[in-house]
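Taken in order, these protein sequences are the chains called D and A.
Position one of the first sequence corresponds to residue 1 (this note's numbering), numbered consecutively onward.
Position one of the second sequence corresponds to residue 1 (this note's numbering), numbered consecutively onward.
There are 2 protein chains.
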Amino acid sequence: MEKRFTELKARLQEISDLGGAAAVLDWDQSTYMPNGGAAARGRQTALLARLSHENQTDPALGRLLDELEKGADNFPYDSDEAGLLRVARHNFEKASKIPSSFVAILNEHASESYQVWTTARPENDFKAVAPFLEKTIVLSRQLADFFPGYDNIMDPLIDFPDPGMKAASVGKLFDELREALVPMVATIAAQEPVDESCLLQAFSVDDQVAFGVEVIKAFGYDFERGRQDVSPHPFTTSFSIGDVRITTRVKENDLREALFSTLHEAGHGVYEQGINTSFEGLPLADGTSSGVHESQSRLWENIVGRSRGFWSFFYPKLQAIFPDQLGDVEVESFYKAINKVERSLIRTDADELTYNLHVMLRFDLEQALLEGELAVKDLPEAWNTRYRDDLGITPPDDRDGVLQDVHWYAGRVGGLFQGYTIGNVLSAVFYQSALTSYPSIPDEISQGKFNTLYDWMRDNIYQHGKKYTANELVERTTGDPMNVEPYLEYLRVKFGDIYSLD
Amino acid sequence: MEKRFTELKARLQEISDLGGAAAVLDWDQSTYMPNGGAAARGRQTALLARLSHENQTDPALGRLLDELEKGADNFPYDSDEAGLLRVARHNFEKASKIPSSFVAILNEHASESYQVWTTARPENDFKAVAPFLEKTIVLSRQLADFFPGYDNIMDPLIDFPDPGMKAASVGKLFDELREALVPMVATIAAQEPVDESCLLQAFSVDDQVAFGVEVIKAFGYDFERGRQDVSPHPFTTSFSIGDVRITTRVKENDLREALFSTLHEAGHGVYEQGINTSFEGLPLADGTSSGVHESQSRLWENIVGRSRGFWSFFYPKLQAIFPDQLGDVEVESFYKAINKVERSLIRTDADELTYNLHVMLRFDLEQALLEGELAVKDLPEAWNTRYRDDLGITPPDDRDGVLQDVHWYAGRVGGLFQGYTIGNVLSAVFYQSALTSYPSIPDEISQGKFNTLYDWMRDNIYQHGKKYTANELVERTTGDPMNVEPYLEYLRVKFGDIYSLD
C-alpha cells in the first residue's frame, strides 16, 4: 500500500512539475517575452500540455487509483491520503473522459475564435464572432456531455473551476443576491455622484508600486517565495508552493489601478503560499475552486483594502508619499472615492456593489445559450435588456456590451463567471467566521496588523489546498451551508453608511 | 524520403522545444526566481532533461537516420538536408553512447562537487575539493571512453563544445600563441602602468545600461527578438531564433563591467539571432561550436568595442551622458584605460592580451590531469608554477589560484577552456577575412556604422547555424586552415601602438 502510494505520488509529481514548467513559460510570455518569441512559445507550451495530458490520462494511473481506493477505508475522510485519492480521482476522470481528439479540436477552435474576437471587438462587429460563438456553444455542450447524468447542462462545466457546485444552487444564491442588489444600486444611483478626482492625478509609477508592495508584505505575502512583475492583465501563477508570483499593472493617472490589482492578486498569492508544504508536487497543492480563490482576492482587496479601518492606518503613509496630490484630501473623501458606486458598462471596472450584477447576468445568459433558449443572434439584445433591467443603463454598442469579455470568445461558454460572485459571497462568509473567533480583527486592521486574520485564513482555508471542496470548507468553518446573508449584511452596513441608506 | 524527412523534423523539433522550455526555466532561475522556487525548479528542469534525453536517444530516431542516410547521396554536402543529417547523427551518437545510468551518476556528482566548491573557495580549502576532483577525473575519463578510438583522451571531451577539434591541433595552435604572447606581456609589464582611474568613478546604473543598449542596437542586436536582463553571471540563451536573450551585470564604480559584458553577450546574441530562420526547431539552429560562438562575442566586445575607431564615434556620446566623470578625460586616455594590460590572477578579469595565457595553462593542466601525468594533490603547485612562468606572478593562495573557476568543480575536466582562446583566434581570422572583402569596415566603425561587418558575419557565419564545423567555416571564408597569425598580427599592431613596442 505504502509502495503504491509512493508510486502514485511520483506520477502526480511529474504531472505537477510539467504544469509548473508550463506555468513558467506562460508567466514569461505575459511579462517579458519579446514578440519574436511567440511562435516557438506556442509550440513549447503545446508540447508540455500534450505530455501532461498523456500523463494525466495514463491508464496505469487509473489502475493505480483503483487499487489504492480499495484500501481507502483505512484512511479517515479528513486524512491527507483520503484527500489525495479524492482529488487525484477527480482530476483523472476529468482528463480521461475527454478524448484527445476533442481537446485538439477545442484548442484549435479556441485559438481561431480568439483571433477573430481581437479584431471584432474594436470594430464593434458582433456578426464576425457570431458563427464562432455558435460553434463554441456546440462544443461546450459536447464537453458537458462527456459527463452524463447531470441535472443541468451547466453542471459539468461549472464543475471544472468550482468542483461540486451546481447551476441550481448557484442560481438560487444569485437570485437572492440580485433581488437585494438591484434596488440598492438604484437608490445609490439616484444620489449626487461621489467626487473621485483625488484619485485621478499624476502619481509616480515607482512610488505607486512601492506602496502596494509595503501593504502586501504587511498582509503576509512572502517575497522570498514570490515576486511581483508588470503585465497587461494582472494575474497570479504558481510554479510551486515556494514560488507563487503575482503581477500588476499601473496607470500613472489612476491610483486605483496598481494598488487594488496588487492587493487582489496578493490575496490569491497568500492563499497559494499558505498551502501545507507537505502537499508540494501533489494535486492538493492548488486552490479549492475558482470561488474560494476569488474569496481571498476579494477579501484582501475589498473587505480589508477598501475598509475605513485599513485607511485610517495607511492613508497618512500614502499622503506622505504623495503630499502634493493628497496632502489636502481628507481620509473620508479618499475613502468615499475608492468606494464610489457607479452604474457602468464594463465588468472589470465595476465597483464592489455593481460588480455582481455584471457577473450574474452573464451566468444567466450562459445558461440560456447552452439550454438553447437564447440564440446567438439574439444575444446582444438579451445582453442589453439585462443591463437595462439590472444596472439601469444600455450599452451604446456591442464593443462595450456583449463583446467586452474575452471569455466566451476563447472556446468555451458555461461555468466561466460564477466564481467571481461566489468569491464575493465567500469573502464575507469567511471574514464573518474569522470575526466570530477573533472580534479584535477590525481593530488590528486599523493598526496595520493583519496576522490574526491571515493566520485564521491560513489555518482554515489556505493550508488545506484542494483537499476539501468549497462547500466543505464553508461547512467546516461556519457549520452551515453557503449563504449570501453575511455578504449582503457586509454590503448593507458598508454602503448604507457611505450613502446614508436606511 | 520526403515523408521520412518530415518525420525526422517532427522528432527533432520536439527535442528542440523541450530544450527551449528548459532554457526558459534556466533563464528565469538566473534572473528573477525567488529563493523559495529553487527546490521545485530543480525537479522541473531534471524532468525536462530526462524527457529530452529519452527523445534524443530513442532507437526509432536512430533507425530513421539510418534510413535517411542511405539516400543521402542525393543531397550535396552543402545542402541543408545533408547538414541536418550530419548534425542529427552527431547529436544522436553523442547522446546514445552515454548510458543514462552514467548521466545520473555524473549529474549527482557534479551537484555535490559544486556544493563543496562553493564553500571551499572562500575558505581557501583545496583539500576539501580534492577528493571530488579526483572522482571528476575518473568520471571524465569514463566519459571519454564511451567514444573509443581517440588519439588523445581530451579529443572526445573537446568534441562536445568544439566538434571536430582535437587536442593535438589545438595544442599546436596554443604553443605558437604562447610563445609570442609571454614575451609581449613581459615587455608591457616592465612599463609604467596605465592610469585606469577614469573608469573607477560612480556611474549611474541606469545610464550605464542605456548606453550599452544603444551600442548593441547599432551592432544589430534585435530587441524585438531578444531582451537584456541583469544576472549575477552574464550569459546568452536562446529559446528559439526569435527569442535570444542576453544578460549583463552592473558595477556602479566600474564602467567596464556592464558595458563590455553587454557587448560580449550581444556578440553571442547577434550570432544566434542571425541563424537562417528555416532552421527553426532543428538542431541546425545552434552555434557551430564554443570557439566560433566565442569568436563573435570577442569580435564585438574587443576588436570592435575596444577599438580606437569605435570610441572616436561613441566617446563623445559617453561623455555627454557622464560629463562630471569623463568631461575632462581625453579619448586617448580612456582608450588606453579600457585596453590596460596587466598581469593579474583572475581569468575573468583579465585583459585582451593576458586572457589567453590564463586559458592555455588550464588547457594544458586539464590534459595532464586526464593523462595521469599530474596528480590532483600536485595541481595547486603546478598551477602556481605555470602562473609564474607564463604571467610572472604567483597566486598568494588557492582561492585566487586553482580554485577560482567553477569549471573543474562542476563535474567535468577536459575540453572546458579551449573555446575561449579559439574564439579569440577566430575573431581575428573572420575579421581579417571581412576586411579583405570590405576594406571600408574600420572607417564605418568610426562612424558608428556596423552593417557591413554585421552583414558579412551573418552571411558567412551566423546564417549557417550548426551546418558547418568551425574548421569548415574557416576554410570556406579564408581558403586556409585555422591559424593564429591574423590574431597575433592584430595584437601586435594594437598593443604595439598603445605601448609603443617595436
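Glycine included, every Cβ here is placed at the ideal spot set by N, Cα and C.
Buried/exposed call for residue i, threshold 16 Cβ in 10 Å
i	result
residue 459 of chain A	exposed
residue 113 of chain A	buried
residue 352 of chain D	buried
residue 71 of chain D	exposed
residue 431 of chain D	buried
residue 262 of chain D	buried
residue 468 of chain A	buried
residue 346 of chain D	exposed
residue 433 of chain D	buried
residue 138 of chain D	exposed
residue 253 of chain A	exposed
residue 2 of chain A	exposed
residue 243 of chain A	buried
residue 223 of chain D	exposed
residue 77 of chain D	exposed
residue 118 of chain A	exposed
residue 395 of chain D	buried
residue 288 of chain A	buried
residue 107 of chain D	exposed
residue 364 of chain D	buried
residue 477 of chain A	buried
residue 501 of chain A	exposed
Simplified DSSP assignment, three categories, for residue i
i	result
residue 57 of chain A	coil
residue 115 of chain D	helix
residue 500 of chain A	coil
residue 478 of chain A	helix
residue 238 of chain D	strand
residue 248 of chain D	strand
residue 304 of chain A	helix
residue 286 of chain A	coil
residue 228 of chain D	strand
residue 162 of chain D	coil
residue 80 of chain D	helix
residue 26 of chain D	helix
residue 222 of chain A	coil
residue 243 of chain D	strand
residue 233 of chain D	coil
residue 448 of chain A	coil
residue 405 of chain D	coil
residue 49 of chain D	helix
residue 417 of chain D	coil
residue 62 of chain A	helix
Contact check, residue i vs residue j, beta carbons under 8 Å
i	j	result
residue 126 of chain D	residue 398 of chain D	yes
residue 413 of chain D	residue 357 of chain D	no
residue 247 of chain D	residue 31 of chain D	yes
residue 462 of chain A	residue 275 of chain A	yes
residue 445 of chain A	residue 307 of chain A	yes
residue 167 of chain D	residue 158 of chain D	yes
residue 266 of chain A	residue 465 of chain A	no
The ligand ADP heavy atom lying under 7 Å from the CB of residue i
i	result
residue 442 of chain A	Looking for the ligand ADP in the displayed structure turns up nothing, as the structure carries no ligands at all.
Completely contained alpha helix (DSSP H) runs for the region 313 to 342 of chain A, where each covers 4 or more residues | Counting whole runs of 4 or more residues, the region 313 to 342 of chain A contains the alpha helix (DSSP H) stretches 323 to 326 and 331 to 338.
Using a Cβ-Cβ cut-off of less than 9 Å, give me the residues of the region 23 to 54 of chain A that come near chain D, in sequence order.
-> Answer in chain order: 24, 25, 27, 28, 31, 32, 33, 34, 35, 36, 37, 38, 39, 40, 41, 43, 44, 45, 46, 47, 48 and 51.
Which ranges would you report for the beta strand (DSSP E) in the region 255 to 283 of chain D if only whole runs of at least 3 residues count?
-> Counting only runs of at least 3 residues, the region 255 to 283 of chain D fully encloses no beta strand (DSSP E) element at all.
What residues in the region 212 to 245 of chain A have a beta carbon less than 7 Å from any beta carbon of chain D?
-> Listed by position, the residues of the region 212 to 245 of chain A near chain D (Cβ gap below 7 Å) are 223, 224, 225, 226, 227, 239, 240, 242 and 243.
May I have a chain-ordered list of the alpha helix (DSSP H) segments no shorter than 4 residues that lie completely inside the region 119 to 148 of chain A?
-> Whole alpha helix (DSSP H) segments, 4+ residues: 126 to 145.
Can you check the region 345 to 382 of chain A for any alpha helix (DSSP H) of at least 4 residues that lies completely inside it and give the ranges in chain order?
-> Segments of the alpha helix (DSSP H) lying fully in the region 345 to 382 of chain A: 355 to 370.
Quick one, which residues of the region 2 to 23 of chain D are near chain A if we go by CB-CB under 9 Å, in chain order?
-> Taking 9 Å as the Cβ-Cβ cut-off, the region 2 to 23 of chain D approaches chain A at 13, 14, 16, 17, 18, 20, 21 and 22, given in chain order.
If contact means a Cβ-Cβ distance below 7 Å, which residues of the region 192 to 214 of chain D contact chain A?
-> Those residues of the region 192 to 214 of chain D that come within reach of chain A (Cβ to Cβ, closer than 7 Å) do not exist; the list is empty.
Identify each residue in the region 271 to 288 of chain D for which the Cβ-Cβ distance to at least one residue of chain A is less than 9 Å, and report them in chain order.
-> Answer set for the region 271 to 288 of chain D: 273, 280 and 281.
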